[in-house]
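Colleague: Chains as they are written, first to last, in the UniProt record's numbering: chain A, 1 to 67; chain B, 1 to 171.
Backbone N, C-alpha and C define an ideal beta-carbon position, used for all residues, glycine too.
Bear in mind the structure is a predicted one, so any value in this text is a computation, not a measurement.
The structure that follows is given in the form of structure tokens.
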Amino acid sequence: MGLEVDIIFKIAGVGIVVAFLHTVLDQVGKKEYAQWVTLFGFIYILFQVASIVDDLFQKIKSVFLFQ
Amino acid sequence: MVKLIGAIFIVVATTFTGFEAARNLSERPKQLRALKFALQSLEAEIMYGHTPLHEAARRLAAQMAKPLSTFFESFAGKLTNSETTVKEAWESSLKEIWKSTALKQGEYEIMRQFGETLGRHDRFSQQKHIMLTLTHLEREEAEAVQAQAKYEKMVKSLGFLSGLLLIILLF
Chain A
1 MGLEVDIIFK IAGVGIVVAF LHTVLDQVGK KEYAQWVTLF GFIYILFQVA
51 SIVDDLFQKI KSVFLFQ
Chain B
1 MVKLIGAIFI VVATTFTGFE AARNLSERPK QLRALKFALQ SLEAEIMYGH
51 TPLHEAARRL AAQMAKPLST FFESFAGKLT NSETTVKEAW ESSLKEIWKS
101 TALKQGEYEI MRQFGETLGR HDRFSQQKHI MLTLTHLERE EAEAVQAQAK
151 YEKMVKSLGF LSGLLLIILL F
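Here you go:
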């Protein structure tokens, strides 16, 4: 359970930092970089979440289907 | 514990990088102003003092602050000690100090072209060339001030935030 909480905090941290970076870059008129930063942050988090969901499905499979 | 120390190292390093870049940005207008001041002094030496070029360069070296003083010093030294043209001495001294300044390629080109005209005309055309160079430098300075106002804060916060992001990704 400790691991899950860690990952949630990590996702939140990435979200906050990426949001800050986006506003800072947006303010000086570098919109294209801001969008790239946001996109890469999003993709990174997506991979994290995908691997966690994959774990969940494996667990469900092992519990219900192949006993 | 080791992780924490590493994280602190990363943040310090990236923040320092950001501040260094910001310092470069704030240094450029200052050095451009000093450069303009040096050219004005050179003009005064030529027009009113009738000073020979190596003598004028030596006096400027005594007046100016660090990067420019070394420039005029080496320029004066080359003029007195070796058999070169003014243009070559100017260009090679310019190349020597350019790495230690915060100035960019545009200013280098302006100064190099000014060196080509130096010492080849009478006093009044020389004055006109100095005026022309000053106008160019003024334009560059306005551009540099604008860039400083725009990017200084961004570079600082960008350094810190990228360090933070790196830590979270590696944690």
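Give the DSSP-derived three-state secondary structure of residue 52(B) in the structure shown.
Modeller: Along the second sequence, one-based indexing puts residue 52(B) at 52. Note: residue 52(B) maps to coil in three-state DSSP.
Colleague: Cβ of residue 130(B) within 8 Å of Cβ of residue 42(B)?
Modeller: For the purposes of this step, residue 130(B) is identified with residue 130 of the second sequence, where counting begins at 1. For the purposes of this step, residue 42(B) is identified with residue 42 of the second sequence, where counting begins at 1. Against a cut-off of 8 Å, the Cβ pair of residue 42(B) and residue 130(B) comes out as a contact.
Colleague: At the level of alpha carbons, what is the spacing between residue 132(B) and residue 22(A)?
Modeller: Residue numbering aside, residue 132(B) sits at position 132 when the second sequence is read from its first letter. Residue numbering aside, residue 22(A) sits at position 22 when the first sequence is read from its first letter. Computed Cα separation, rounded: 42 Å.
Colleague: How close, in whole Å, do the beta carbons of residue 166(B) and residue 10(B) come, if the pair is a contact with beta carbons under 8 Å?
Modeller: Reading the second sequence from its first residue, position 166 is the one you call residue 166(B). Reading the second sequence from its first residue, position 10 is the one you call residue 10(B). With 8 Å as the limit, residue 166(B) and residue 10(B) qualify as a contact, their Cβ atoms being about 6 Å apart.
Colleague: Quick one: give me the first and last residue of the alpha helix (DSSP H) that residue 158(B) is part of.
Modeller: If you number the second sequence from 1, residue 158(B) lands on position 158. Start and end: 123-170.
Colleague: Assuming residue 78(B) is part of the alpha helix (DSSP H), what are its boundary residues?
Modeller: As a first step, residue 78(B) is located in the second sequence; it is residue number 78 there, counting from the start. Looking at the DSSP string, the run of the alpha helix (DSSP H) that includes residue 78(B) is 66-81.
Colleague: Taking contact to mean at least 3 C-beta pairs separated by less than 8 Å, is the region 7-26 of chain A in contact with the region 131-147 of chain B?
Modeller: The region 7-26 of chain A and the region 131-147 of chain B do not touch, with fewer than 3 CB-CB distances between them shorter than 8 Å.
Colleague: Would you say residue 17(A) faces chain B, with C-beta separation under 8 Å as the test?
Modeller: Indexing the first sequence from 1 puts residue 17(A) at position 17. Chain B, which has a Cβ nearer than 8 Å to the Cβ of residue 17(A), makes this yes.
Colleague: Report back the beta-carbon spacing between residue 17(A) and residue 164(B) to the nearest angstrom; my notes put them in contact at under 8 Å.
Modeller: Counted from its first residue, the first sequence places residue 17(A) at position 17. Counted from its first residue, the second sequence places residue 164(B) at position 164. So it is a contact: roughly 5 Å between Cβ atoms.
Colleague: Determine, for residue 164(B), whether the minimum Cβ-Cβ distance to residues of chain A falls below 8 Å.
Modeller: Position 164 of the second sequence, counted from the start, is the residue given in the question as residue 164(B). For residue 164(B), a Cβ of chain A is located within less than 8 Å of the residue's own Cβ.
Colleague: Since I believe residue 47(B) is in contact with residue 123(B) (beta carbons under 8 Å), could you give me their beta-carbon distance rounded to a whole number of angstroms?
Modeller: As a first step, residue 123(B) must be located in the second sequence, where it is residue number 123. As a first step, residue 47(B) must be located in the second sequence, where it is residue number 47. Residue 123(B) to residue 47(B), Cβ: 6 Å. Contact.
Colleague: Can you tell me where the alpha helix (DSSP H) holding residue 13(B) begins and where it ends?
Modeller: Looking up residue 13(B) in the second sequence gives position 13. Counting along the chain, the alpha helix (DSSP H) containing residue 13(B) begins and ends at 2-47.
Colleague: Answer yes or no: does any C-beta atom of chain A fall closer than 8 Å to that of residue 157(B)?
Modeller: Locating residue 157(B) in the second sequence gives position 157, counting from the first residue. With 8 Å as the cut-off, residue 157(B) counts as an interface residue toward chain A.
Colleague: How would you list, in chain order, the residues of chain A whose beta-carbon sits under 7 Å from the beta-carbon of residue 171(B)?
Modeller: Position 171 of the second sequence, counting from 1, holds the residue named residue 171(B). By Cβ distance, chain A contributes 10.
Colleague: Near residue 93(B), which residues of its chain fall below 6 Å by C-beta distance, leaving aside the five closest residues on each side in sequence?
Modeller: Translated into positions along the second sequence, residue 93(B) becomes position 93. These residues qualify, in order along the chain: 71, 74, 75.
Colleague: How about residue 102(B) and residue 31(B): do their beta carbons lie closer than 8 Å?
Modeller: Walking along the second sequence from the start, residue 102(B) turns up at place 102. Walking along the second sequence from the start, residue 31(B) turns up at place 31. Going by C-beta atoms, residue 102(B) is nearer than 8 Å to residue 31(B).
Colleague: Quick one: Cα of residue 150(B) to Cα of residue 38(B), how far?
Modeller: The count along the second sequence starts at 1 and reaches residue 150(B) at position 150. The count along the second sequence starts at 1 and reaches residue 38(B) at position 38. Those two C-alpha atoms are separated by around 27 Å.
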